[in-house]
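Step one of this worksheet: look at the structure below.
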Ligand SMILES: [Zn+2]
């Protein structure tokens, strides 16, 4: 995946009356029957009328936050840390399908 696709899949933008907030996906128990998805705000809130390109930039910047994203040692793509197994390899590289039912 490109970084834009990773940002699309693992971040979202929450729009409130106060502004737009980029949030990163946090996955709990990704290999269980029912993985839990929660979203955590990253960085500061953008203005309500932030330009789409600025929102996109903020989503890509969120990928740089090591609390929320790590690189797989095999494919080098960024994933939420819980989707990277103890040896540093992501679930996809391990052949494990992870497709959370995201209620956006
Ligand atoms: Zn990988």
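Residue numbers (our numbering): 1111 to 1214. All residues carry an ideal CB built from backbone N, CA and C; glycine is no exception. As the structure is a computational prediction, the values presented were derived from the model and not from experiment.
- By DSSP's assignment, residue 1153 forms no beta bridge with any residue.
- Residue 1140 and residue 1200 have their alpha carbons spaced roughly 11 Å apart.
- For residue 1201, DSSP records no beta bridge to any residue.
- Taking 8 Å as the cut-off, the Cβ atoms of residue 1161 and residue 1117 do not count as close.
- In the structure shown, residue 1147 adopts extended strand secondary structure according to DSSP, grouped into three states.
- Counting along the chain, residue 1123 sits inside the beta strand (DSSP E) bounded by residues 1121-1125.
- Residue 1164 and residue 1124 have their C-alpha atoms spaced approximately 14 Å apart.
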